[in-house]
Amino acid sequence: MRRLLPPVMAVAAALFVAACGSKPAATAPSGAPAVAVLAPTLATSGSSGSGASWAIVDMGGAASAYDNFWELFVRPADSPTWHLATPTGVASNGGLVAAATGATSLVTGFRPSQKLTFSPLASTTDAGMQWSQSALLSPGLGDGPDALAGSASGQLIALTDTGDVETSTSLGANWAKLTTQRSLAASAAGRACGLQALAGAGWTPAGSPLVAGSCSKPGMAGIFAYSAGTWQLIGPALPAALSGAAVSVLGLATTVSTATTGARTTAILAATTRAGTSVLAAWSADGGTDWQLSPALAAGRASSPSVSIWADGSAGVVLAPASRRTGAMIGWQAASWQTLPTLPAGTATLAIGSGGEPQALTVRNATMTAWQLSAGSSQWTLVQAVQVTIPYGSSG
Amino acid sequence: MPGMNSGLSDTNPILVAAFKAALLHQGLIVLALLLVLGLAWIGVREWLPGGRRAGASSFSAATLGWAGGSAEPGGRRLLRIGFGLLWIFDGILQAQPAMAAGLPAQVIEPSAASSPVWVQHVVNWAGTSWSFHPIQAGAAAVWIQLGIGAWLILAPPGWSSRLAGLASAGWGLVVWVFGEAFGGIFAPGLTFLFGAPGAAAFYCVAGLLIALPLRHWQSDRLGRLLLGGLGLLLAGMAVLQAWPGRGFWQGRAHGQPGTLAGMVTSMSGTPQPHFLSTLVSHFASLDGAHGFAVNLVAVIALAATAAALLSGRRPLLRPALVLLLAVCLVDWILIEDFGFFGGLGTDPNSMIPVALLAVAGYLALTPASAPALATEPQLVPAPARSGAMAAAGAFAGASVRALLALWAVAIVVVGAAPMAAAQASPDASPVIAQAIDGDAAPLNFAAPSFTLSDQRGRSVSLASLRGKVVLLTYLDPVCTSDCPLIAQEFRAADQMLGAQAHNVEMVAIVANPVYRSVAYTRTFDAQEGLSRLPNWLFLTGPLSQLQQAWKSYGISAETLPAGGMIAHNDIAFVIDGAGHIRAELNFDPGPGTASTQSSFAGELVTTAQQAMRQA
Chain A
1 MRRLLPPVMA VAAALFVAAC GSKPAATAPS GAPAVAVLAP TLATSGSSGS
51 GASWAIVDMG GAASAYDNFW ELFVRPADSP TWHLATPTGV ASNGGLVAAA
101 TGATSLVTGF RPSQKLTFSP LASTTDAGMQ WSQSALLSPG LGDGPDALAG
151 SASGQLIALT DTGDVETSTS LGANWAKLTT QRSLAASAAG RACGLQALAG
201 AGWTPAGSPL VAGSCSKPGM AGIFAYSAGT WQLIGPALPA ALSGAAVSVL
251 GLATTVSTAT TGARTTAILA ATTRAGTSVL AAWSADGGTD WQLSPALAAG
301 RASSPSVSIW ADGSAGVVLA PASRRTGAMI GWQAASWQTL PTLPAGTATL
351 AIGSGGEPQA LTVRNATMTA WQLSAGSSQW TLVQAVQVTI PYGSSG
Chain B
397 MPGMNSGLSD TNPILVAAFK AALLHQGLIV LALLLVLGLA WIGVREWLPG
447 GRRAGASSFS AATLGWAGGS AEPGGRRLLR IGFGLLWIFD GILQAQPAMA
497 AGLPAQVIEP SAASSPVWVQ HVVNWAGTSW SFHPIQAGAA AVWIQLGIGA
547 WLILAPPGWS SRLAGLASAG WGLVVWVFGE AFGGIFAPGL TFLFGAPGAA
597 AFYCVAGLLI ALPLRHWQSD RLGRLLLGGL GLLLAGMAVL QAWPGRGFWQ
647 GRAHGQPGTL AGMVTSMSGT PQPHFLSTLV SHFASLDGAH GFAVNLVAVI
697 ALAATAAALL SGRRPLLRPA LVLLLAVCLV DWILIEDFGF FGGLGTDPNS
747 MIPVALLAVA GYLALTPASA PALATEPQLV PAPARSGAMA AAGAFAGASV
797 RALLALWAVA IVVVGAAPMA AAQASPDASP VIAQAIDGDA APLNFAAPSF
847 TLSDQRGRSV SLASLRGKVV LLTYLDPVCT SDCPLIAQEF RAADQMLGAQ
897 AHNVEMVAIV ANPVYRSVAY TRTFDAQEGL SRLPNWLFLT GPLSQLQQAW
947 KSYGISAETL PAGGMIAHND IAFVIDGAGH IRAELNFDPG PGTASTQSSF
997 AGELVTTAQQ AMRQA
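Residue numbers (the numbering used here), protein chains in the order written: chain A, 1 to 396; chain B, 397 to 1011.
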């Protein structure tokens, strides 16, 4: 028996050491959906009622740390071509978020990067030719394309990376805290959905603040509206087939009223089950009382989709942009998603051309290329390549 | 300039030169100590009545102290001399030029990278302590290891030798915990083949064995225990090596080299003689192609050796020992790749220590006879005297070997004392800042004037600060890299100045032509914890006034396109109370570690104090 002791001790010690060196398996917190919610990339595009478009993409590549730079491109209303319009004076490595305010104004915010903990802001009224840089947001903007949103009347709403929701009536010169993730989660509306995290913010057509987040309760779309001092859960009801899904709000925007369309709120939702992800678009013209829901677009195992919502309430998504690229668009009141031909390699986001035709914006290191899909065509046509002087090494 | 970090290379010429100079100075002290000890010994022997008689009349074997050497058990002698030589070799390795700057970032902290957070905290504490005083720490490691090695070899059997063993065990423990992150025993991927449970752990064991009273070497019990312990270790390591899911059974997995092949491939990339890297990479290829077979051989060899050692049967021990030595040799060459190449190798890894312990254990199975042990040399007792005379008598009676052992202890002290003194200061060595940006340029001319607004909107001119030393720099309030580091260096300098801070104004002028409003300077201050610093001023103003303040001090602030940060000079000026620039400091903050920040802050304080005296 004594002779057996040493080997037994050795095995026990080895087991102990093996256990010490092992990492425990990750487990989902109790009550949370069994599948992870989707989060969109910052690469996105938008358009104004006047016909101008803007797009944000990540350029430069990952040759070394902080050699990626988020760039803003603008296509003026009367121009078929894009130009670089990234505001100067601050490093864009942490990310760039843009929001249209009113009919012609565009506000951009730089996400915190490295040791910068707040977000410098810049605004333009001439398609990025000149910028005004006197405003900022502290703490910095949250990590999502809808972390900053403008209203038709020029107000701003921002989601910070600490979970605060702030509003400004002065293009960001002064901010007032509207709520926090914690207090919203503790409200009746927050408890009704089991609010877990905030994803973005926006405005209703009437100018009431909107906040989007993810719910722990399956099948619930976490869209909240603030009215008369209280928060209401106004997210659209999903089809019964998706009642068990984890729902993410990928995009939320309210488009301004134009000559042809009235103002409405557009939301892009992702409903994820073990079987995969479905993407849905939802529109509301009355601040979320009634929603019109699109058919579901099967997105498979999508990750980090790019979502764009344009001035007429139409939307485009790029799914799984890192591997097999699938793009789809849907127009206001359309009966179904229009699946686009296989996207060009390196497609970062979809945008709208001067004639309203879909464009795919691709990025390869320092070159942004715009590809266009003409009506009736199944082939993407190269329309423009923009070479950018990436300031490599400037943020190291 | 932001984006142009110079970093702190381990081959930085200023650090390397300072390290060599420290080694040279301490080496001269070590030699001087030998001379002083020798002269004192001879002098005391000549001066003290009966001093020669207290020892021996000439440099006989007894006087030299090696006369009774044959009485020491073979196993103990092997450990003492073997590990003594290892320590000396390790000490020489520590003297490599890259060690002072490279050890914390490239050896100490990576060793804990895959260990639990608490291990990383422990190890990073040591790494940070080293990086605050890299020259003193690097030199201390050299002399402590050389001293312990010499002490082990030279100390005559008896309390001095046992004390050397304890010192060896103690330093080995320090190296094992802080330098080897507990030998990686808390990290995944632990394998005997790559040195687990850490070479220094074997140094500790050997040191403790040397520290045992000699009576423990008089029976075969110590040998049995040592071999049994080794068997236990090897059995555990065999189980770990055979454990499925750890990647050792696969030569390649998912298109990548398996665990062992990956480790060996990485070792083969270490700078070393070409034939060695070829040999090691060939073995990596062999393991990549036949990973299962290689691991099977390793598991069988470890398990068979363990079983034989644990059995305690004499007929099995000799072949087990031969097998273990063969495994150690093959592993040391083909897998551990000798362990000491590349400029930052600190020791020849674990196989030599394992082999020494195994052979010592085997030799201890045949214990020295008690009468032989009784003849071991002792210090000749001095005639009954008191106080200083007794001490002098004992010193005069010491053998040459004992004298050299005393010198070895002095070597340890020569290394440890400057490090201990440096550690008493919370501030990093100034050589770090000098290594990054060079020395401050002493100047003496009138500082150009400026009038701008501070973060509270108040007008501030240079003339309004007359009577105080002004530490002036240029910062971009939306900078993501260098400027926050420089601000922290100014903040740390203010703390270091203590009461003298009342005589100093810390002034920054905005170096961004675009983001320059007071809202930005205020937010920057809040971000950097500067809002409540009473002598901190972050000045801005209309672009024309800012441009004047840049131009007059030779500052450029270039706007880069496409999301680039403003490129501006990282510089600091020291202006005395009379308004004269007394120093210009290149102030690129380098990697921005705690030690570099502390060092730059110290440099600011030193130059500010000089300016106070000059005014």
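Glycine included, every Cβ here is placed at the ideal spot set by N, Cα and C.
Predicted model, so just to flag it, every value in this text is computed and none were measured.
Distance CB(residue i)-CB(residue j) smaller than 8 Å
i	j	result
A824/B	F528/B	yes
V90/A	F69/A	no
T917/B	L404/B	no
A197/A	S208/A	no
G150/A	V107/A	yes
W645/B	P469/B	no
L373/A	L340/A	yes
M961/B	D872/B	yes
F841/B	L858/B	no
L656/B	L589/B	yes
A602/B	P744/B	no
G128/A	A311/A	no
G331/A	P358/A	no
A246/A	P218/A	yes
L848/B	V856/B	yes
Under the three-state DSSP convention, the category residue i falls into
i	result
T919/B	helix
F118/A	coil
T101/A	strand
S994/B	helix
R264/A	strand
N691/B	helix
I696/B	helix
L238/A	coil
D878/B	helix
N840/B	strand
R1009/B	helix
W371/A	strand
Q384/A	strand
T254/A	strand
P358/A	strand
S79/A	coil
G789/B	helix
V910/B	coil
F590/B	helix
I977/B	strand
M329/A	strand
CB-CB length for residue i against residue j, believed under 8 Å
i	j	result
I531/B	V827/B	6 Å
D972/B	A1007/B	4 Å
P593/B	I606/B	Their Cβ separation, rounded to whole angstroms, is 20 Å, which puts P593/B and I606/B out of contact at 8 Å.
F791/B	W443/B	Wrong, their Cβ atoms sit about 11 Å apart, outside the cutoff.
W483/B	Q422/B	Incorrect: roughly 17 Å between the Cβ atoms, too far for contact.
Exposure of residue i, with buried meaning 16 or more beta-carbon neighbours within 10 Å
i	result
W555/B	exposed
Q387/A	exposed
I696/B	exposed
S395/A	buried
S292/A	Inspection of the sequence shows that residue 292/A is occupied by Gln rather than by Ser. Q292/A is exposed by the Cβ-count criterion.
N691/B	buried
G950/B	exposed
A199/A	buried
Q232/A	buried
Beta carbons nearer than 9 Å to chain B: which residues of the segment 78 to 93 of chain A have them? The segment 78 to 93 of chain A vs chain B, Cβ under 9 Å: L84, T86, P87, T88, G89, V90, A91, S92, N93.
Could you name the residues of the segment 923 to 940 of chain B whose beta carbon sits closer than 7 Å to any beta carbon of chain A, in the order they occur along the chain? Per Cβ criterion, the list reads Q923.
Selection of the segment 119 to 133 of chain A by Cβ proximity to chain B, strictly under 7 Å: P120, Q133
Closer than 8 Å, Cβ to any Cβ of chain B: which residues of the segment 370 to 396 of chain A, in chain order? V388, T389, I390, P391, G393, S394, S395, G396
Using a Cβ cut-off of 8 Å, which residues of the segment 898 to 915 of chain B contact any Cβ in chain A, in chain order? N908, P909, V910, Y911, S913, A915
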